[in-house]
Amino acid sequence: MPRREPITADELMRRLEADPEWVARRAEEERLHEERTAALRENEAPLIAALKDVGIDVRSAWLLSNKNPKYRSAIPILLDHLDREYFDRIREGIARSLGAPEARQLAWDKILSVLQQLRSAPQSDFRDGLVAAVSGMARSADLPKLIELVADPALGQSRLLLIPKLSRSRQPEALAILEKLKDDPDLYKEISYRLKRKTPHGQSAARRS
Numbered sequence: 055m056p057r058r059e060p061i062t063a064d065e066l067m068r069r070l071e072a073d074p075e076w077v078a079r080r081a082e083e084e085r086l087h088e089e090r091t092a093a094l095r096e097n098e099a100p101l102i103a104a105l106k107d108v109g110i111d112v113r114s115a116w117l118l119s120n121k122n123p124k125y126r127s128a129i130p131i132l133l134d135h136l137d138r139e140y141f142d143r144i145r146e147g148i149a150r151s152l153g154a155p156e157a158r159q160l161a162w163d164k165i166l167s168v169l170q171q172l173r174s175a176p177q178s179d180f181r182d183g184l185v186a187a188v189s190g191m192a193r194s195a196d197l198p199k200l201i202e203l204v205a206d207p208a209l210g211q212s213r214l215l216l217i218p219k220l221s222r223s224r225q226p227e228a229l230a231i232l233e234k235l236k237d238d239p240d241l242y243k244e245i246s247y248r249l250k251r252k253t254p255h256g257q258s259a260a261r262r263s
């Protein structure tokens, strides 16, 4: 059979846009996206208003950086709103916004407390955000807590967010827990990738010893 000539991206788009079913499907997807975006903005409005009261003008907690000169003023507000009934995606954004060294003094115990409450809950964006916050706030002296969390299977795939932090640590205990968990069904792919980058020739410390 003769080989078909490849079509260009422009030609492909022309063909798709000539297909009424594809056009209708794309329009429906865009409508749903706009509705979801509007719902998220409406739900997050109280937090955005509270941040604006202290001079922080952002559209979402996801856009709040610790590089913002008024970031420290936002920390108590974020903690106050952490327990409110926002959508899961918004609560994740609030938690992740607290994942900075500047937030540790006020937020560390609170984040760990909420994370403990969700320890055995189903996987959620919010729980991922809490684990990411712990990782972002953690200091070298917090390694035992990071090890405790990453070794807890009840936290499921949320633990993946701790692996980069542990892999960057120079403390032998960090490498030891990665070696110990290298067959964990939730973590093995990420740990394998990190260990290959961390050790010469892709060999783990345990295999070289």
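Just so you know, we're using our numbering here: the sequence shown kicks off at 55 and counts up by one.
Yeah, the Cβ is synthetic: ideal placement off N, Cα and C, and Gly gets one too.
For the alpha helix (DSSP H) that contains Lys106, what are its first and last residues? As a working note, residue 106 is residue 52 in the sequence shown. Start and end: Pro74 to Asp107.
Tell me whether the region 109-123 and the region 82-91 touch, counting them as touching only if at least three CB pairs, one residue from each stretch, are closer than 8 Å. no
Classify Met191 as buried or exposed, calling it buried when 16 or more other Cβ atoms lie within 10 Å of its own Cβ. For the purposes of this step, residue 191 is taken as the residue at position 137 of the sequence shown. Under this definition Met191 is a buried residue.
Simplified DSSP assignment, three categories, for Ser153: Walking along the sequence shown from the start, residue 153 turns up at place 99. Correcting the residue identity first, residue 153 is Gly in this sequence and not Ser. Coil.
Could you tell me how far apart the beta carbons of Leu136 and Ile148 are, in whole angstroms, since I believe they sit closer than 8 Å? For this step, residue 136 is matched to residue 82 along the sequence shown. For this step, residue 148 is matched to residue 94 along the sequence shown. Leu136 to Ile148, Cβ: 5 Å. Contact.
Does the separation of the CB atoms of Glu156 and Asn120 fall below 7 Å? Locating residue 156 in the sequence shown gives position 102, where the first residue counts as 1. Locating residue 120 in the sequence shown gives position 66, where the first residue counts as 1. Contact: yes.
Using only the alpha-carbon positions, how far apart do Ala259 and Glu233 sit? Translated into positions along the sequence shown, residue 259 becomes position 205. Translated into positions along the sequence shown, residue 233 becomes position 179. Confidence in Ala259 is poor, its pLDDT being 45 and thus under 50, which makes the residue's placement unreliable; the coordinate value appears in the next sentence. Roughly 8 Å separates the two Cα atoms.
Pull up the CB-CB distance for Leu209 and Arg143, whole angstroms please, since I reckon it's below 8 Å. Indexing the sequence shown from 1 puts residue 209 at position 155. Indexing the sequence shown from 1 puts residue 143 at position 89. Between Arg143 and Leu209 the Cβ distance is about 19 Å, and since that is not below 8 Å, they are no contact.
Please determine, among Lys199, Ser178 and Ile245, the residue with the shortest C-alpha to C-alpha distance to Val188. By one-based count along the sequence shown, residue 188 stands at place 134. Closest option to Val188, Cα to Cα, is Lys199.
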